[in-house]
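Position 11 of the sequence shown, counted from 1, bears residue number 35 in my numbering, the numbering being contiguous throughout. Quick reminder that beta carbons are idealized off the backbone N, C-alpha and C, glycines included.
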Amino acid sequence: MLEAAFYDSWSPGPTSCRGQASPMDASIMKKKLLVLGNLLQDFISDTTANLEDRIWIWQRYGTAYHAMYTLFEVTFAGNWPTNARPVLQRVSQTFVIFFVLYISIIVFALIRVITAIFLKDTLDAAQADAENLVVDRLRKKAEYVNKLQAAFNAIDNSGNGMISEEQLTTIFSNPKVEAYFQTLDVDVTEGHALFHMIDNGDGQVTLDEFIDGILRCRGPARALDQVAMRADLKSLDSKLSQLVEKVTGTKVPRKSTVNIAHNFRSMEVASTAHQHVF
Numbered sequence: 025m026l027e028a029a030f031y032d033s034w035s036p037g038p039t040s041c042r043g044q045a046s047p048m049d050a051s052i053m054k055k056k057l058l059v060l061g062n063l064l065q066d067f068i069s070d071t072t073a074n075l076e077d078r079i080w081i082w083q084r085y086g087t088a089y090h091a092m093y094t095l096f097e098v099t100f101a102g103n104w105p106t107n108a109r110p111v112l113q114r115v116s117q118t119f120v121i122f123f124v125l126y127i128s129i130i131v132f133a134l135i136r137v138i139t140a141i142f143l144k145d146t147l148d149a150a151q152a153d154a155e156n157l158v159v160d161r162l163r164k165k166a167e168y169v170n171k172l173q174a175a176f177n178a179i180d181n182s183g184n185g186m187i188s189e190e191q192l193t194t195i196f197s198n199p200k201v202e203a204y205f206q207t208l209d210v211d212v213t214e215g216h217a218l219f220h221m222i223d224n225g226d227g228q229v230t231l232d233e234f235i236d237g238i239l240r241c242r243g244p245a246r247a248l249d250q251v252a253m254r255a256d257l258k259s260l261d262s263k264l265s266q267l268v269e270k271v272t273g274t275k276v277p278r279k280s281t282v283n284i285a286h287n288f289r290s291m292e293v294a295s296t297a298h299q300h301v302f
């Protein structure tokens with residue numbers, strides 16, 4: 025009964041590999057499928073072969089559907105030894121030619137090429153996204169600078185391209201102006217402090233100084249404190265330079281005064297340590 029059921033389900037028809045020969049030559053996989061299925065039909069129909077082996081071969085290669093699903097597993101699941109070795113052991117060792125060619129051409133070559141193409145497309149898309157991000161940031165920065173330039177022109181009521189401390193503090197005391205600069209992520213509650221942060225020491229702020237200073241002050245209060253500390257250090261460095269010039273009678277570069285201040289601090293620390301030792 026088992027043999028009769030086996031032959032009934034395998035009998036050539038619309039679902040067998042032979043019956044599906046004409047539509048299966050559309051691609052390499054289908055052609056390989058057709059060749060393998062037809063080669064195994066003689067073993068499946070051989071009544072002298074072991075029945076369990078014939079059933080195993082038929083369940084995996086006996087029909088177009090079975091063979092297609094088996095080759096799909098071989099191609100994409102990576103379990104080709106479990107589907108290839110039984111054929112070599114139960115049918116014939118000559119099928120090693122088919123599997124070697126199929127694994128080499130389809131699995132290791134064609135699939136790798138397709139994967140590389142998809143990977144290249146993904147990397148290109150990521151690079152395009154990065155470039156678009158840079159362009160978007162530059163565009164936003166340009167828009168931000170244009171807003172600052174418009175704000176500077178509104179504050180500079182004299183039209184001489186310079187803003188004094190009085191002009192800046194007066195305009196920043198306006199709640200609407202304060203709210204507008206908050207939308208620009210700038211805290212202007214302390215107009216005097218902000219002016220000294222962006223001023224280079226001449227008591228007037230130009231457009232470039234205004235834009236550069238606001239860009240540095242942009243952000244949370246911590247960033248503003250850092251800018252204020254930098255401005256204080258800059259002022260201290262200038263005063264130290266003047267003091268050194270008066271004492272030595274020679275003009276000292278600003279970087280040198282910073283080194284001198286560092287040396288003074290080092291000498292003070294060393295002196296304190298020496299006193300603690302003795």
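In or out: ILE265 buried (at least 16 other Cβ within 10 Å) or exposed?
The sequence shown places Ser at residue 265, rather than the Ile named in the question. So SER265 counts as buried.
DSSP-derived helix/strand/coil call for SER46
Confidence is the limiting factor: at SER46 the pLDDT is only 34, short of 50, which leaves the residue's position unreliable and the question unanswerable from this model.
Quick one, which of PHE67, SER197, ASP232, ASP211 has its alpha-carbon nearest VAL111's?
When the alpha-carbon of VAL111 is set against those of PHE67, SER197, ASP232, ASP211, the nearest one is in PHE67.
Take the Cβ of GLY237 as the centre, count every other Cβ of all protein chains shown within 10 Å, and call the residue buried at 16 or more, exposed below.
So GLY237 counts as buried.
contact_flag[the segment 146 to 160, the segment 124 to 131] where n(CB pairs < 8 Å) is 3 or more
no
If you draw a straight line from the C-alpha of SER182 to the C-alpha of LEU192, how long is it?
13 Å
Using 10 angstroms around the beta-carbon of GLY86, count the other beta-carbons present and answer buried if the total reaches 16, otherwise exposed.
buried
To which residues does DSSP link SER188 through a beta bridge?
Under DSSP, the beta-bridge partners assigned to SER188 are GLN228.
Taking a contact to mean a Cβ-Cβ separation below 8 Å, would you say LEU64 touches ILE81 in this structure?
yes
Have a look at LYS164, SER128, VAL169, ASP261 and flag the residue whose alpha-carbon is nearest the alpha-carbon of PHE234.
VAL169
I'd like to check one pair, GLU189 with PHE196: are the Cβ atoms closer than 8 Å?
No, the Cβ-Cβ distance between PHE196 and GLU189 is not below 8 Å.
With a 10 Å radius around its C-beta and 16 neighbouring C-beta atoms as the bar for buried, classify GLY215 as buried or exposed.
buried
Output the boundary residues of the alpha helix (DSSP H) element that contains GLY215.
215 to 222
Thinking C-alpha only, which one of LEU218, GLY102, GLN83, THR194 is nearest ARG136?
In this structure, GLY102 is the residue among LEU218, GLY102, GLN83, THR194 with its C-alpha nearest to the C-alpha of ARG136.
Would you tell me roughly how many angstroms separate the C-alpha atoms of CYS241 and VAL212, rounded to the nearest one?
10 Å
Assuming LYS171 contacts LEU208 under a Cβ cut-off of 8 Å, what Cβ separation, rounded to an integer in Å, is found between them?
Correct: roughly 6 Å between the Cβ atoms.
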